[in-house]
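Here's the structure we're looking at; comments come further down.
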Amino acid sequence: MSPGGHAASAQTGISAKDQAGFVGVASNPAGATTSYKKVPRVWSQPCACLQLQKVENRSGVDREIKLTERGQQVAELIALGLSNRDIARRLFLSERTVEWHVEQVLNRLGFSSRTEIAAWIGRTQSGTPVRSPGRKGKGNIPAPLTSFVGRERDLTMVRDLVAANRLVTIVGPGGTGKTRLALRLAEELEPSYRDGAWLCDLAPVADPALVGDAVAQALGLSQETPDRMAAAREYLRERSALLVVDNCEHLLGGAADMSLELLGACRDLRVLATSLAPLGVLGEAVWQLQPLPQGDAVRLFVERVHAAAPGVQLDDTTQVAVNTICDRLDGLPLALELAAPRLRQLSVKELADAVPDSTTTSPGDRHGSLDALAAWGYRTLDDSERKLFRQLGVFAGWFEQDDATSVAGDGAGVEMLLNSLVEKSMVTAGRTSQGRPRYRLLEMLRAFARRRLDEAGESQETRLAHAERMVWLAERLGLNTAGSGVWVWPKVEGMADDIRAALRTLLELRPRRAAWMAGTLRWFWRGTGRLGEGVRWNQMALEACADTCLERCWALHGHAVLLLRLGRLDEMMSWFPEATNLAALPECAEMRGELLLAEALVHAGLGDLAAAEAADRLAIVELTQRGQVDRASLVLNDLATMLLIQGRAEEAHGVAERCVQDLRRIKSGRLQVALDTLAQADCFLGQVDQARARWLEAVAMSLDTGEVTAVATCLEGLAFAAGMRRRTAVALKLHGCADQLLTQASDSYVAEPLAPKVRELVGRLENRVGPQLAARLRAEGEALVIDEAIQMARSEG
Numbered sequence: 036m037s038p039g040g041h042a043a044s045a046q047t048g049i050s051a052k053d054q055a056g057f058v059g060v061a062s063n064p065a066g067a068t069t070s071y072k073k074v075p076r077v078w079s080q081p082c083a084c085l086q087l088q089k090v091e092n093r094s095g096v097d098r099e100i101k102l103t104e105r106g107q108q109v110a111e112l113i114a115l116g117l118s119n120r121d122i123a124r125r126l127f128l129s130e131r132t133v134e135w136h137v138e139q140v141l142n143r144l145g146f147s148s149r150t151e152i153a154a155w156i157g158r159t160q161s162g163t164p165v166r167s168p169g170r171k172g173k174g175n176i177p178a179p180l181t182s183f184v185g186r187e188r189d190l191t192m193v194r195d196l197v198a199a200n201r202l203v204t205i206v207g208p209g210g211t212g213k214t215r216l217a218l219r220l221a222e223e224l225e226p227s228y229r230d231g232a233w234l235c236d237l238a239p240v241a242d243p244a245l246v247g248d249a250v251a252q253a254l255g256l257s258q259e260t261p262d263r264m265a266a267a268r269e270y271l272r273e274r275s276a277l278l279v280v281d282n283c284e285h286l287l288g289g290a291a292d293m294s295l296e297l298l299g300a301c302r303d304l305r306v307l308a309t310s311l312a313p314l315g316v317l318g319e320a321v322w323q324l325q326p327l328p329q330g331d332a333v334r335l336f337v338e339r340v341h342a343a344a345p346g347v348q349l350d351d352t353t354q355v356a357v358n359t360i361c362d363r364l365d366g367l368p369l370a371l372e373l374a375a376p377r378l379r380q381l382s383v384k385e386l387a388d389a390v391p392d393s394t395t396t397s398p399g400d401r402h403g404s405l406d407a408l409a410a411w412g413y414r415t416l417d418d419s420e421r422k423l424f425r426q427l428g429v430f431a432g433w434f435e436q437d438d439a440t441s442v443a444g445d446g447a448g449v450e451m452l453l454n455s456l457v458e459k460s461m462v463t464a465g466r467t468s469q470g471r472p473r474y475r476l477l478e479m480l481r482a483f484a485r486r487r488l489d490e491a492g493e494s495q496e497t498r499l500a501h502a503e504r505m506v507w508l509a510e511r512l513g514l515n516t517a518g519s520g521v522w523v524w525p526k527v528e529g530m531a532d533d534i535r536a537a538l539r540t541l542l543e544l545r546p547r548r549a550a551w552m553a554g555t556l557r558w559f560w561r562g563t564g565r566l567g568e569g570v571r572w573n574q575m576a577l578e579a580c581a582d583t584c585l586e587r588c589w590a591l592h593g594h595a596v597l598l599l600r601l602g603r604l605d606e607m608m609s610w611f612p613e614a615t616n617l618a619a620l621p622e623c624a625e626m627r628g629e630l631l632l633a634e635a636l637v638h639a640g641l642g643d644l645a646a647a648e649a650a651d652r653l654a655i656v657e658l659t660q661r662g663q664v665d666r667a668s669l670v671l672n673d674l675a676t677m678l679l680i681q682g683r684a685e686e687a688h689g690v691a692e693r694c695v696q697d698l699r700r701i702k703s704g705r706l707q708v709a710l711d712t713l714a715q716a717d718c719f720l721g722q723v724d725q726a727r728a729r730w731l732e733a734v735a736m737s738l739d740t741g742e743v744t745a746v747a748t749c750l751e752g753l754a755f756a757a758g759m760r761r762r763t764a765v766a767l768k769l770h771g772c773a774d775q776l777l778t779q780a781s782d783s784y785v786a787e788p789l790a791p792k793v794r795e796l797v798g799r800l801e802n803r804v805g806p807q808l809a810a811r812l813r814a815e816g817e818a819l820v821i822d823e824a825i826q827m828a829r830s831e832g
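Each residue of the sequence shown is one higher than the last, beginning at 36 in my numbering.
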């Protein structure tokens, strides 16, 4: 049950469901799979919602009936002719739970057979789907921050193209508003698609092989599978959805292959792409987007000025200057939006005089206007601002002030310079989910900054500084998760593109550091559900770093752990002997404790618990001797888990108690993991009330850090405690909720010393209440919001 421990045996397969952090929210039009949507805090969203459907009753009179989301999915799978067992496999439920849902559907619709359900599904799906009033869309299309100006004809034409073609590409020069048009249309068309409209932005993706990963990530799929494109394909196979694929120009081949694969397998899918050039595939409809005509350009500029510089008066006296600005910027929406904030420092006439004249660019070179505007903005900066702006070009996405300081070399004044760059519209500002300031460069400005960085001869130095910053953050995820180390998971999770950029830099310039970073990222790949991608980076790092050295040893151990978690045991064993041999090198002595931890995990995965225990004990000694007491304290949790699996409960309890004491003393961010293990040890010794108190404390901590797997294991423990205290209904509901979450958490390698006892108890409880009531209670538990489940666990005591 403890996500920080080792498992008794490795699984040879991986779950096909989503990584923790994703919950079911959508009904399925054709019923092939369940639907999942990523949400910032999974516990704040319901796992089932009520859906209004117009159904025809047996007397032929229409009436409104409420089906649960899960009930709708089950009904649709019945219509496809699936048995209860097949439905259970598709929806990752127990067969008993499916039986209960089938009975509920029959009762709710007033039917007596599955044939009647199938006929009803056929009738309701033959027309336009009925959506409840005000129902929120199921996709991830962002809400617009500003008004949409003009483009009425473009909207109409592209809307018609999407209706008639399954692949439509909006093409045009940079800055013409392709993305905004696509998003506006997606927002408008979303109600027409049962499973919503989804945005996949390819701008940060540099490798065509990662297009599938980007699509899967956009869809909210975080499956630990080497083939994330296949995961996206299976997710969309029977869904009615619109997929907006933005910024395809640098990955035309990859975007084209992805579109063909998805459209070939998913009959109710439409793809709307944006690109500088067409994808060039059969069946593609292309719409060429032009800059705004002058009237719309002026309207857009005036609206943006009123928002960015509300004190500026635009009237008849400024009309000529405004027209000049719009003309010189070629009616490019992006250029107009970048220019508007400049009126905070300049008058309208001064801005008109300062804006570069588009006649100086080659005919038809609209992107030249954007470059000219960027160059003009760059010239308005002082030397310090220019240098920082150039350096910020190495970031692939959002970054924070401390990240900027790490690449700037001289950290003095970075905050002031950032604020100045934001004020001058060269950098965009925002907030993290924790409320901290963060920043990014628009793609056009990022490309401009990188060119200036190359021209200044600062590219290699800045790229290496950026890479070292990413290494430091990766180390915080794993090597410093105990003690007072910064808990940086939410930050690093959003910097996947920067991590990839850092790996590419180090592979090119510092192969040994690339191997070190690859080995360190094992925690990142696991936590983000990208084990397959992690294996690929490890392979590249090991090819680049063939030296007999600490860095290769570290990468080999990380590689073995990832392969183990993917169930690729034969492949793992082909690498592991070299890893253990290199660990004996004198230069590896400083990392021997960490290397022993990786070896303990591998031994446990192979079922050699004695060897795993021995490696854990040696790791504690090594870490303690080298002054890494914080890290050694956390390893005690792994050792306690090993002892529990071997049935040595009293010894495990003592070790786990010491671990909890140490982690409390150092205020570790991983205390909840040790509390879970100690609670399990309590249960083995019959101290159920004490265990319950520990799980309640641990689940609150896990909720705060957003670790859904840890939340689920605690809920499973609380279900066991409720069952032992004869709270049968609460126990079965909590277990249903926990089981649902653990099924979604696709890490195939989580230790569960108490699991056999939990299964035995749940089986007894189900027999006690009977199959129908047991299935109903489990289904109610699966529908619980996590907050509700925790409150239920607290109140039952």
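All residues carry an ideal CB built from backbone N, CA and C; glycine is no exception. Given the structure is predicted, the values throughout are model-derived calculations rather than measurements.
Look at the beta carbons and you see the segment 198-205 not touching the segment 239-246: under three pairs across the two are nearer than 8 angstroms. Rounded to whole angstroms, the gap between the alpha carbons of residue 375 and residue 323 is 26 angstroms. Using a Cβ distance threshold of 8 angstroms, residue 301 and residue 274 count as a contacting pair. Between residue 670 and residue 661, the alpha-carbon positions lie close to 14 angstroms from each other. Per the DSSP secondary-structure output, residue 472 pairs in a beta bridge with 466.
Contact annotation: residue 750 and residue 734 have beta-carbon atoms nearer than 8 angstroms. The three-state secondary structure of residue 202, taken from DSSP, is strand. In this structure, the CA atom of residue 253 is about 46 angstroms from the CA atom of residue 686.
Taking every protein chain shown into account, the CB of residue 136 has 16 or more other CB atoms within 10 angstroms, so this residue is buried. Every alpha helix (DSSP H) stretch that sits fully inside the segment 502-583 and reaches 4 residues is listed by chain position as 524-528, 531-544, 546-555, 557-562 and 566-579. Straight through space, the alpha carbons of residue 601 and residue 295 are spaced by roughly 28 angstroms. One alpha carbon belongs to residue 203, the other to residue 582, and they sit about 49 angstroms apart. Annotated three-state conformation of residue 484 is helix, per DSSP. At a cut-off of 4 residues, the continuous stretches assigned as alpha helix (DSSP H) that sit fully inside the segment 607-648 are 627-640.
For the pair residue 829 and residue 731, the CB atoms are nearer than the 8 angstroms cut-off. In this structure, residue 637 lies away from residue 672, with their beta-carbon atoms at least 8 angstroms apart. Going by beta carbons, residue 579 and residue 546 fall inside the 8 angstroms limit. The alpha helix (DSSP H) runs lying completely inside the segment 251-301 and spanning 4 residues or more are 263-271 and 287-300, given in chain order.
Less than 8 angstroms divides the Cβ of residue 695 from the Cβ of residue 713.
Residue state for residue 748 is assigned as helix, using DSSP reduced to three classes.
Each residue's CA atom was taken as its position, placing residue 487 and residue 629 some 42 angstroms apart. Annotation: the segment 304-332 contains no complete segment of the alpha helix (DSSP H) (minimum length 4 residues).
If you look at residue 589, you'll find it isn't in any beta strand (DSSP E); it sits in the alpha helix (DSSP H) that goes 585-600.
Less than 8 angstroms divides the Cβ of residue 590 from the Cβ of residue 554.
Within the same chain, Cβ atoms closer than 6 angstroms to the Cβ of residue 412 are found at 461, the five residues on either side in sequence being excluded. Taking the C-beta atoms as reference points, residue 575 is found nearer than 8 angstroms to residue 542. Membership of residue 711 in the alpha helix (DSSP H) is indicated by the continuous run 706-719. In summary, residue 805 is exposed, with fewer than 16 beta-carbon neighbours lying within 10 Å of its beta-carbon over all protein chains present. Closest in alpha carbon position to residue 479, among 292, 626 and 406, is 406.
For residue 242, no beta strand (DSSP E) run applies, since DSSP gives it neither H nor E.
According to DSSP, residue pairing for residue 236 in a beta bridge involves 281.
The beta-carbon distance between residue 597 and residue 557, rounded to whole angstroms, is 6 angstroms. This is short enough to meet the 8 angstroms contact definition.
Straight-line measurement puts the Cα of residue 474 at about 17 angstroms from the Cα of residue 483. With a cutoff of 8 angstroms on beta-carbon distance, residue 326 and residue 211 are scored as near each other. The beta carbon of residue 773 sits closer than 7 angstroms to the beta carbons of 747, 750, 751 and 754 from its chain, once the five residues preceding and following it are set aside; these are given in chain order. Beta-bridge pairing by DSSP links residue 434 to 474.
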